[in-house]
């Protein structure tokens, strides 16, 4: 709870105070080397010729300056042996705090002129200190400086890695990251680099913002709090009274006798009215830094010293107090310190920009989630609504349910769309008309989200004589119990009195003809033809940009990390899938045509386009037995062959990465040949070539609606879906992540090792349990690691954790399910499923 609250405050202050801090950083960096830049721009004004006789005594210099300007000198700054011009401030006009400043030759008293750029740096300093808005601006910059301290401390806490002793976890930036991941990394790592710089700048800068802070520093650090850095009140007007009388000869005598021949710089500040002490600051040639100031208080009329504070006599803490400005600008640490402070200040906009990018990305993701579920128009009138229940494992059934609802609503019928998990027996009894769009998971099972419905509703008798219903079942004929759940639902409804509106429609792997038949049946019911035929999104040509082997020298099949660049701006959510249209490799087509007597360059028509036969055959299933194809001409041959089925893969990246990544294992047949889908992606398609694919929503495997701990389990290429979820969680600052991953051997099959261990070190992954089955005599699998961590599992679940499984259904997923039932009990597992806290993406 504390971490979540700090995170919310961190980004809220970031988007509200970040712009001011960015401006303060830029202006602070601009004035960091003000003197050096001005001297470079104005060598004739700010640099003078040294003379053997030395600089003029203050009395002669002041007399010459006042004769030229006709004004009284209020402050005099002279460097005795540097070749720099002297700075003179004149008595301010009534009501003002500081008078005009002029540059003079300290050797002759000659006026040197105005410095080009001085006005710019004066403006930068005003913007830096108080936004050029007076006391109101000072309050704003002061508040933002306090917020900067909060940023430093809360940011440190939010990114505290699990292995905090590792300097790599704190200070290294992963340049391979892209999009949101890179912005997050840059924001946090650069923030760590700048942490001490910003704390130093903020803790010293506050002394110019708040009088209470200044007094607190004085009380904490000064050897004599009553006199050191005594506050004068921000914006206080100088007292009225007669001008002070100054004997500069006496003042100079006191300065020189006190400082001695080591005097390097002196600054005389006259009091505003007579009867008050003058202040003299001076530096010695061996001073440790340019603000190691010694201070003299004296009577300006007689030169009698009232108080003398030497920097070298002070305690360390009092020296720090005297050096507040030097600490603030870094000169306390020499030229290196000045550069470091300047760079840190210049980087301040980086955090504002990356913070905003991260914030906007979070907003965009929320909008995407909201848009992913397009609400229907509100139901009007008193007519009973049609109940549309859906049970979806991957999200396709849910999509079709909403499209069904839209078709009915377009015909003027009120609708109510609900997941089967929330449909009760009473809902069925009270509904006159119901449509069910349900998928089957695995070999005849109900989708995870509908297991509670099957147990609670289908397992008991009901009176449904008033219910008219129709069922759209989704399945895959490769399984023995095709559309098994849809058929059980139909049998139960019919057994308990329900009347079918029309025969159940069964869809094999998204068959468009079956979907069109469902639409036509709905049209007969409503009396209104569908506006358009439903179809899946079109395939787009993505560029295969990278292909990296993840398990060199593995005893198993090769696994590749593939990077695909979209043709335009594309987006997907963590947990989504892609459907890829594979292609036959050229040699397979050549081998197939060998003996058929048809040239490969013969033109044929395919999908309305004319193309060579050998190109058309890359998208067709090529049977091993060609006897029935002998004698066909080229076009008849293409028409006789079935298109290659699409292959489905879990996405292993997030949209913010800018590249869609897949983790694909090569499938090898008994004869050593590669599977069509895996072979096309991992070997036959050249890097830089086009891959036809489309993104498919997989809502059943998306992140939870609200932040909660996550337990992720997977084996082999199942890491892909878990990797996308982890990336999304890390990008959102969620670190309660526990990954259990299994493969063959640690040495060769530890997929994405550097990335996973980097997340563990940085604290983005709280736990990482590995199961390498072949590294010991007795094989150890993911489900075994989970059983070993039964106590920790119960603890995480008690804290609201969700379980996500991605990988093979046979073996790993079924093994994990058995462990969960053994450890938690069947009823508890069913509750997790019904609550949406147990989700699976298995194959």
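In our numbering, the protein residues as written are 33 to 875. Every residue, glycine too, gets a C-beta built ideally from N, C-alpha and C.
Cβ pair residue i, residue j closer than 8 Å
i, j, result
"residue 807", "residue 778", "yes"
"residue 894", "residue 494", "Beyond the ends of the chain as shown, which are 33 and 875, falls residue 894; an answer cannot be given."
"residue 839", "residue 746", "yes"
"residue 117", "residue 78", "yes"
"residue 165", "residue 62", "no"
"residue 735", "residue 760", "yes"
"residue 8", "residue 709", "This structure cannot settle anything about residue 8, because the visible part of the chain is limited to 33 through 875."
"residue 771", "residue 758", "yes"
"residue 740", "residue 832", "yes"
"residue 861", "residue 818", "no"
"residue 501", "residue 533", "yes"
"residue 585", "residue 780", "yes"
"residue 355", "residue 321", "yes"
"residue 203", "residue 221", "yes"
"residue 700", "residue 589", "yes"
"residue 845", "residue 874", "yes"
"residue 894", "residue 64", "For the chain, the structure presents residues 33 to 875; residue 894 sits outside this window and is missing."
"residue 427", "residue 731", "yes"
Bounding residues of the alpha helix (DSSP H) (the contiguous stretch that carries residue i)
i, result
"residue 780", "778-781"
"residue 753", "751-763"
"residue 519", "516-527"
"residue 623", "618-625"
"residue 794", "785-794"
"residue 325", "Counting along the chain, residue 325 falls outside any alpha helix (DSSP H), and DSSP gives it neither H nor E."
"residue 746", "Unbroken run through residue 746 is the beta strand (DSSP E), 742-747; no alpha helix (DSSP H)."
"residue 873", "That residue, residue 873, is in no alpha helix (DSSP H); its beta strand (DSSP E) goes 870-874."
"residue 630", "That residue, residue 630, is in no alpha helix (DSSP H); it is neither H nor E in DSSP."
Rounded distance between the beta-carbons of residue j and residue i, thought under 8 Å
i, j, result
"residue 594", "residue 727", "Not really, about 15 Å apart at Cβ, beyond 8 Å."
"residue 788", "residue 683", "Actually they do not touch by this definition, with Cβ atoms about 18 Å apart."
"residue 380", "residue 58", "7 Å"
"residue 66", "residue 153", "5 Å"
"residue 530", "residue 499", "5 Å"
"residue 20", "residue 350", "There is no way to answer for residue 20, as the model of the chain reaches only from 33 to 875."
Between the CA atoms of residue j and residue i - distance to the nearest angstrom
i, j, result
"residue 239", "residue 162", "13 Å"
"residue 305", "residue 382", "48 Å"
"residue 691", "residue 599", "11 Å"
"residue 437", "residue 809", "56 Å"
"residue 794", "residue 545", "51 Å"
"residue 798", "residue 429", "35 Å"
"residue 516", "residue 479", "11 Å"
"residue 905", "residue 572", "Absent from the structure is residue 905, since the part of the chain shown begins at 33 and ends at 875."
"residue 301", "residue 40", "49 Å"
"residue 742", "residue 252", "47 Å"
"residue 44", "residue 805", "47 Å"
"residue 290", "residue 327", "10 Å"
"residue 514", "residue 477", "10 Å"
"residue 112", "residue 296", "5 Å"
"residue 37", "residue 146", "53 Å"
"residue 415", "residue 555", "19 Å"
"residue 98", "residue 104", "6 Å"
"residue 752", "residue 249", "55 Å"
"residue 310", "residue 287", "12 Å"
"residue 391", "residue 824", "33 Å"
"residue 671", "residue 620", "19 Å"
"residue 842", "residue 612", "23 Å"
Extent of the continuous beta strand (DSSP E) to which residue i belongs
i, result
"residue 843", "No beta strand (DSSP E) holds residue 843; DSSP gives it neither H nor E."
"residue 507", "500-507"
"residue 803", "799-804"
"residue 436", "From DSSP, residue 436 is part of no beta strand (DSSP E) but of the alpha helix (DSSP H) over 428-442."
"residue 580", "572-581"
"residue 595", "591-597"
"residue 884", "A query on residue 884 cannot be resolved here, the shown segment of the chain reaching from 33 to 875 and no further."
"residue 145", "143-145"
Chain C contact for residue i (CB, 8 Å cutoff)
i, result
"residue 281", "Absent from the structure: chain C. Only one protein chain is present."
Closer than 7 Å: residue i CB and nearest the ligand PLP heavy atom
i, result
"residue 243", "The ligand content of the structure shown is nil, which means the ligand PLP is not present either."
(message) Count Cβ pairs between the segment 467-483 and the segment 417-435 that sit closer than 8 Å; are there 3 or more?
(response) Taking 8 Å as the limit for Cβ pairs, the verdict is that the segment 417-435 does touch the segment 467-483.
(request) Could you tell me whether the segment 89-101 touches the segment 277-284, where touching means 3 or more Cβ pairs closer than 8 Å? (result) These segments touch.
(message) Assess contact between the segment 548-563 and the segment 431-446, defined as three or more Cβ pairs (one per stretch) separated by less than 8 Å. Is contact present?
(response) With a cut-off of 8 Å, the segment 431-446 and the segment 548-563 count as touching, because enough Cβ pairs lie within range.
(message) Counting beta carbon pairs with one atom in the segment 184-191 and one in the segment 339-353, are three or more of them shorter than 8 Å?
(response) The answer is no - the segment 184-191 does not touch the segment 339-353, with fewer than three Cβ pairs under 8 Å.
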